[in-house]
Amino acid sequence: MKLLSLKCPRCRADLEGDNNSWIFFCRSCRIGVDLSRGREQEFDFECAAPVIQRLETPRYFAFWLFRARYQALAEKKQNPDEIDGRFWVPAFFIKNISYFGDIGLYYTNRNVVPSTERCRKLAFFPADRGEAHTAIYPEIYAVKKEAARRRRVTGITIHSTRLVWVPFYEAEKEFIDSILGWSYPIGAMI
Amino acid sequence: MTVSLINCSHCGGPLPVVDGQRICRCAYCRNPYFLDHDQPPAVVLASELTADQARIAVLTALRDPRIEPGFRKGTFFERATLFYIPFSEVRGIKAGWAAAALEPTGQDAFSMVSFEYLEPANDLSALFLDVLDRSIVEAAMLKARQVPFRPLEMRRRGVVLPATPTPIIKSTNAMPDLRDTIENHLRLVYLPVWEIVYSYRGIMFHSYCSAVDGTMILVNGLRNHRRKLSLSLLGSFSLALLLGRTIRVAVEMVGRIRSGIFFLLTAGILVAGAALTWAVLFPYLWRLFAFREEISISGNFTSTRTISYREGALLKFSRRFVNSLTGESGESKEP
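Which chain is which? The protein sequence lines are A and B, in order.
Numbered according to my numbering, the first sequence spans residues 1 to 190.
Numbered according to my numbering, the second sequence spans residues 1001 to 1335.
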């Protein structure tokens, strides 16, 4: 059993998180501490500005945003194309993605560029997918994206990783995404 | 609930850690800690229903046509207990190239699919919930909000069942699958369930409803006998018609024969047949009127169990009748 201190490595304030979380946050230093690799890893976080405005209270959910470069090789070509991409991976688990849809994949395919704003009150939804769990997804998303174009991915390099809080509006029994306007049942996102 | 003690690395004070808990705080220096251990993390679904609301939900469910009509009015509410029932939830994602034959387009395609599997982490037969319809629980979990896992507070509010996590990795995809599991999480989910106990003519019944949204998990009551009674009356009427016709034919035959030996023989056969019919029918009639069946309804699934609350009364009545014939008092004498 390993014991890790839940103090911010910069300001020594208590980190905020849930029993189910792998990522813990310090509001004052604006960092997320990921413990999924068995040690403390710091990641800067920022808040995305909502694209769709609604009257309900926004609640923030954490996403991993990877910037990566990969090579895609078409069937009858010898030289691969170098492609830069942003890969969004939810830092929480969505139940039944075949039915509700993988929101990270759709953000990635639509190449959502977050316009940041000052973070408002953050709700503590457990971020139960650490960097160790999600680091494989940029490659998976790239392979899935290029498979539609009949190209195959030969190599991928992750350049930067950061955390982005995306606001979701809390309706009666569902959360509504503020960027694409999708809705999820409350229990599907915890 | 197992409590293990480890020491704070800051002040050396004890850190009480309960199973399923990953965050703890030193009681002396208030330092927070994260415990990276093999135990799965636990989450609790919020209980939205009060005991009164749960009782009303059970009373509404007792209007089911499969339950005897007078049962609902005759019940007497005994108690309501909140149970936290642990489930092992395995969640994961598979991804990979599906074989050409599996894809409708006929081409190889890269696809992702998530799988969830829910397994009770406790033997629920003690709570009569071994017939639990999982679709009800899954639907309740989809609507539920999550609250922090605080075992001591949960124990104050209700009964927390001990959990034995069962890490069963199972894909919900029934087709042959070439995809690899790329992510796999196991966690304990505590579902709050109200147990409502009520009595009817001295017999206790238990019903369970989800405290998340009031969905009935299991309803117990007396089975509606009207259909069975009407069918048996119809059967008895048909049998009586058949028997009456047979007797009439037999009497006519006896009238024709006019012989003493044949008359006795025919009468003997008739008496033996009547006795045989009674011997065959009597247990069923006895069962119909002396026994009652308890019905358990869980979703579309029902099960019945025979209970005999009228059996004692009938036996007492028959014993009193026999005693009045024989002239005994019927009370047991002291040796």
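For glycine and all other residues, C-beta sits at the position ideal for the given N, C-alpha and C.
Three-state class that DSSP yields for residue i in the structure shown
i: Tyr107/A; result: helix
i: Ala91/A; result: coil
i: Met1/A; result: coil
i: Lys1094/B; result: strand
i: Phe1149/B; result: coil
i: Thr1215/B; result: coil
i: Asp102/A; result: coil
i: Gln1039/B; result: coil
i: Thr1181/B; result: strand
i: Arg1155/B; result: helix
i: Gly1012/B; result: coil
i: Ala127/A; result: coil
i: Val52/A; result: The sequence shown places Ile at residue 52/A, not Val. Looking at Ile52/A - three-state DSSP - the assignment turns out to be coil, as it is neither helix nor strand.
i: Asn96/A; result: coil
i: Leu6/A; result: coil
i: Thr1164/B; result: coil
i: Asn37/A; result: Looking at the sequence shown, residue 37/A is not Asn but Arg. Here Arg37/A sits in coil by DSSP.
Member of the options whose CA lies at the smallest distance from the CA of residue i
i: Lys1143/B; options: Arg54/A, Ser36/A, Glu131/A, Lys173/A; result: Lys173/A
i: Pro1084/B; options: Ser1230/B, Leu1276/B, Arg1156/B, Thr1302/B; result: The residue asked about is misnamed: residue 1084/B is Tyr in this sequence, not Pro. Out of Ser1230/B, Leu1276/B, Arg1156/B, Thr1302/B, Arg1156/B has the C-alpha closest to the C-alpha of Tyr1084/B.
i: Thr57/A; options: Ile186/A, Lys144/A, Ala127/A, Phe168/A; result: Phe168/A
i: Phe1149/B; options: Ala13/A, Leu6/A, Asp18/A, Ser5/A; result: Asp18/A
i: Asp1123/B; options: Ser1135/B, Arg1091/B, Ala1140/B, Leu1161/B; result: Leu1161/B
i: Lys145/A; options: Met189/A, Leu105/A, Thr116/A; result: Leu105/A
i: Val1017/B; options: Tyr1033/B, Glu1068/B, Cys1029/B, His1010/B; result: Tyr1033/B
i: Glu1048/B; options: His1010/B, Val1212/B, Leu1234/B; result: Val1212/B
One or two residues paired with residue i in a DSSP bridge
i: Cys26/A; result: Ile31/A
i: Thr1304/B; result: Ile1295/B
i: Arg118/A; result: Paired residues: none, contrary to the question.
i: Arg1028/B; result: The amino acid occupying residue 1028/B in the given sequence is Tyr; Arg does not appear at that position. Looking at the DSSP assignment, Tyr1028/B forms no beta bridge with any residue, so it has no partner.
i: Gly155/A; result: Gln71/A
i: Met1204/B; result: Ser1199/B
i: Leu1186/B; result: Val1090/B
N-terminal and C-terminal residue of the alpha helix (DSSP H) that residue i is part of
i: Glu16/A; result: Neither: Glu16/A is in no alpha helix (DSSP H) and is coded neither H nor E.
i: His133/A; result: 131-134
i: Pro138/A; result: 137-147
i: Asp44/A; result: Here Asp44/A belongs to no alpha helix (DSSP H); instead the beta strand (DSSP E) covers 41-48.
i: Ala171/A; result: From DSSP, Ala171/A is part of no alpha helix (DSSP H); its letter is neither H nor E.
i: Ser1135/B; result: 1134-1143
i: Gln1053/B; result: 1051-1061
Straight-line Cα distance separating residue j from residue i
i: Glu131/A; j: Ser36/A; result: 7 Å
i: Asp1036/B; j: Pro90/A; result: 22 Å
i: Val33/A; j: Ile1093/B; result: 24 Å
i: Ala48/A; j: Ala62/A; result: 10 Å
i: Leu1059/B; j: Ile1203/B; result: 17 Å
i: Ile1006/B; j: Ala1163/B; result: 21 Å
i: Gln1146/B; j: Asp81/A; result: 45 Å
i: Cys8/A; j: Thr108/A; result: 31 Å
i: Arg1248/B; j: Leu1242/B; result: 10 Å
i: Ile1261/B; j: Thr1277/B; result: 24 Å
i: Leu55/A; j: Ile186/A; result: 18 Å
i: Glu1116/B; j: Glu16/A; result: 28 Å
i: Glu1153/B; j: Phe24/A; result: 23 Å
i: Thr1215/B; j: Ile1056/B; result: 12 Å
i: Thr161/A; j: Trp88/A; result: 10 Å
i: Arg129/A; j: Gly181/A; result: 23 Å
i: Val1043/B; j: Arg1187/B; result: 8 Å
i: His133/A; j: Glu1183/B; result: 7 Å
i: Pro1065/B; j: Glu170/A; result: 38 Å
i: Asp44/A; j: Ala1046/B; result: 31 Å
i: Asp14/A; j: Val153/A; result: 42 Å
Residue i: first and last residue of the uninterrupted beta strand (DSSP E) it sits in
i: Ala68/A; result: 58-74
i: Asp177/A; result: 174-177
i: Glu1119/B; result: 1109-1120
i: Ser183/A; result: 183-185
Closer than 7 Å: residue i CB and nearest the ligand SAM heavy atom
i: Glu139/A; result: Annotation note on the ligand SAM: not contained in the displayed structure, which lists no ligands.
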